[in-house]
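Accompanying notes for the structure given below.
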Amino acid sequence: MAETAPGGHPADDPRGLGRGPVRAPGAPRPDDDGGGRVSRTQWKWSALAGMASYLDAGSIVAIGTGLALFQDEMHLSDSGPTGVGALAAIGPNAIGAAVGALVGGRLGDRLGRKRIYQWDLLVYALAVLCIALAVNPAMLFAGTFAVGVAVGADVPTSLALVGEFSPTRARGKLLGFTQVAWNIGPMIVLLLALALSHLDLLGIRIVFLHLVLVAVVTWALRQGMTESARWKAAAAGAAATRVRVRELFHGAHLRAMLWTGGFYVFWGLAAGTAGLFTPYMVRNLGAGDQTTSVALSCAGFVIGIAATVLVYMPFSDRDHLTRRRLWAVGSVTQVISYAIFLWFPFTVPTILLNTFLFGVGAALAGEAFYKTFTQELFPTLLRGTAQGLTFGVARACLGVWSYFVPRLADAGITAIAALLTAFLVISGCVGFFFMPDTAGKTFDRIQTERRGPGLPGAEHA
Numbered sequence: 001m002a003e004t005a006p007g008g009h010p011a012d013d014p015r016g017l018g019r020g021p022v023r024a025p026g027a028p029r030p031d032d033d034g035g036g037r038v039s040r041t042q043w044k045w046s047a048l049a050g051m052a053s054y055l056d057a058g059s060i061v062a063i064g065t066g067l068a069l070f071q072d073e074m075h076l077s078d079s080g081p082t083g084v085g086a087l088a089a090i091g092p093n094a095i096g097a098a099v100g101a102l103v104g105g106r107l108g109d110r111l112g113r114k115r116i117y118q119w120d121l122l123v124y125a126l127a128v129l130c131i132a133l134a135v136n137p138a139m140l141f142a143g144t145f146a147v148g149v150a151v152g153a154d155v156p157t158s159l160a161l162v163g164e165f166s167p168t169r170a171r172g173k174l175l176g177f178t179q180v181a182w183n184i185g186p187m188i189v190l191l192l193a194l195a196l197s198h199l200d201l202l203g204i205r206i207v208f209l210h211l212v213l214v215a216v217v218t219w220a221l222r223q224g225m226t227e228s229a230r231w232k233a234a235a236a237g238a239a240a241t242r243v244r245v246r247e248l249f250h251g252a253h254l255r256a257m258l259w260t261g262g263f264y265v266f267w268g269l270a271a272g273t274a275g276l277f278t279p280y281m282v283r284n285l286g287a288g289d290q291t292t293s294v295a296l297s298c299a300g301f302v303i304g305i306a307a308t309v310l311v312y313m314p315f316s317d318r319d320h321l322t323r324r325r326l327w328a329v330g331s332v333t334q335v336i337s338y339a340i341f342l343w344f345p346f347t348v349p350t351i352l353l354n355t356f357l358f359g360v361g362a363a364l365a366g367e368a369f370y371k372t373f374t375q376e377l378f379p380t381l382l383r384g385t386a387q388g389l390t391f392g393v394a395r396a397c398l399g400v401w402s403y404f405v406p407r408l409a410d411a412g413i414t415a416i417a418a419l420l421t422a423f424l425v426i427s428g429c430v431g432f433f434f435m436p437d438t439a440g441k442t443f444d445r446i447q448t449e450r451r452g453p454g455l456p457g458a459e460h461a
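The letter at position 372 of the sequence shown is residue 372 when you use this note's numbering, and the numbering goes up by one with no holes.
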């Protein structure tokens, strides 16, 4: 039997007879015959690719943690073009990431995963350094936008790489592992912020310097990663000349984009508010001081890690019915998490309950499933583009929403809680009732079932 390269394509033999892409020495070797064993190299590469999620979420929470402090230091208003709403709207949680994802996702499909994930972290490091050293609003806003662009470009390309070297029955596990990194980033940021809270804004600047260091180290470690063999096979194949972006806007691909984008947009509005504005609202609505706000947010990410490791990673690859059950439980839990603010006051006990319920629910019906399905539903040469589009639209919508959150928060928690509850109901229903059956199937089988054999895009899935 021919050796299998990442993505399930036969590797070239030593004579170079052209039976598929050459698997680089040490590159992850997936098991596309239905197995789910994960090699040490696959864990390692998943961790390095998942650092995109660490840096993405870490920067979001770092900005959120320091939002009120930057506001006081630089005399920013709640709203307006130089207010905290505008700052939140252009950063890694929103419009900046949208721009980066739209550009980076497409370039990753056209030029390869490695060219994007190898260099965008240097842009990230410089941008975060600009925030850390910011002495005026111009530096703060420029750095925040550039950070968003950098993480937006990294996320779709890094996740595509993970999906393309993952074993068929371990895609959810490895993509869920990147979600652990998404939770660890904010947790480390919040713990640092908590430890340094007595330094006020200086403590937040040190937190941003930690992200600079992590980005540079990750960039150095990624130099040992190779290009996705599945992408190389698809790019070299005859089908590559027939792949056009317009394929995403009709048929099965359009349905997949509307579904993944639909539930992710509405879920992202709630998740983005929780990650970016919880410390801000805790402090500004009088529920606690800076230390309390940071501690409450940190608890949510710890809960998210536990739920992802103990529930999502072991069960998400089992079968379609299990995925729907996970989604149902997660969706109901998240809806309850914000509905409680409609009846109970915005105090520490209620916020703790909200934090627990949302942390568990988001692990089961949130970004981990979005990451998994966006890899499974699109062919290789459109995978990054499709994810860049849906990720970009979601972050753009979150940017618009973030602009108004500080103004809504001034009136109390009720209006925000009601809207977030509605958003989570929509996300839960869309995800549950229209979830496709892709669990445990190879990329090639999924594309053949969704598009039919012989149709453009079914090849080199």
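Positions of the beta carbon are idealized from the N, C-alpha and C atoms, including for glycine.
Cβ-Cβ distances below 6 Å link GLY359 to GLY300, ILE303 and GLY304 in the same chain, with the five nearest sequence neighbours on each side left out; the list follows chain order.
For the options GLY366, ASN284 and ALA52, the alpha carbon positioned closest to that of LEU269 is the one of GLY366. The beta carbon of ARG318 sits closer than 7 Å to those of ALA439, all from its chain and outside the five residues before and after it, given in chain order.
Residue ranges of uninterrupted alpha helix (DSSP H) with 4 or more members, entirely inside the stretch 167 to 246 and ordered along the chain, are 171 to 195, 201 to 222 and 229 to 236.
Within the same chain, no residue comes within 8 Å of PRO81 by CB-CB distance, once the 5 residues on both sides are set aside. Note on GLY272: 16 or more other CB atoms within 10 angstroms of its CB, so buried under the neighbour-count rule. Straight-line measurement puts the Cα of GLN387 at about 17 Å from the Cα of PHE165. The DSSP-derived three-state label of ASP317 is coil. For ARG283, the closest of ILE60, THR41, PHE404 and LEU69 by C-alpha to C-alpha distance is LEU69. The DSSP-derived three-state label of PRO436 is coil. SER77 sits in coil when the DSSP states are folded into three classes, being neither helix nor strand.
By the Cβ rule, the stretch 146 to 166 counts as touching the stretch 92 to 102, because three or more pairs are nearer than 8 Å. Secondary structure of TRP43 (DSSP, three-state): helix. Remark: C-beta atoms of TRP219 and LEU122 approach each other more closely than 8 Å. Of LEU353, SER297 and LEU419, the smallest CA-CA separation from ALA57 is found for SER297. In the three-state DSSP reduction, THR273 falls in the helix class (H, G or I). With respect to the 8 Å criterion, LEU357 and THR333 are classified as neighbours on the basis of their beta carbons. When secondary structure is reduced to three states using DSSP, VAL135 falls in the coil class, being assigned neither helix nor strand.
The shortest CA-to-CA distance from ALA181 to any of THR421, LEU420, LYS44 and TRP327 is the one to LYS44. Judged by beta-carbon spacing, LEU190 lies within the 8 Å limit of VAL294, meaning their Cβ atoms are closer than that value. DSSP places PHE443 in the uninterrupted alpha helix (DSSP H) bounded by 443 to 451. Judged by DSSP secondary structure, GLN375 falls within the alpha helix (DSSP H) whose first and last residues are 367 to 376. Beyond the five residues adjoining it in sequence on each side, VAL393 comes within less than 8 Å, by CB distance, of ALA98, GLY261 and VAL265 in the same chain, given in chain order. Out of TRP119, PHE145 and GLY105, the CA that lies nearest to the CA of CYS130 is found in PHE145.
Ranked by Cα distance from GLU73, the first of ASN183, GLY185 and ASP200 is ASP200. Within the model, the alpha-carbon separation for VAL84 versus THR372 is close to 33 Å.
Burial check for VAL214: the Cβ neighbour count within 10 Å reaches 16 or more, so the residue is buried.
Proximity to LEU364 across GLY428, PHE378 and THR347 peaks at GLY428, based on C-alpha coordinates. Put simply, the backbone Cα of GLY203 is about 25 Å away from that of TYR403. Excluding its 5 nearest sequence neighbours in each direction, VAL348 has C-beta neighbours in its own chain below 8 Å: ALA287, GLY288, THR292 and LEU296, listed in chain order.
No Cβ-Cβ contact shorter than 8 Å links GLY96 with THR385.
Boundaries of the alpha helix (DSSP H) around ASP109: 95 to 111. Here VAL400 is exposed: its Cβ has fewer than 16 other Cβ atoms, across all protein chains shown, within 10 Å. For PHE434, the closest alpha carbon among the candidates ALA328, ALA307 and VAL216 is that of ALA328.
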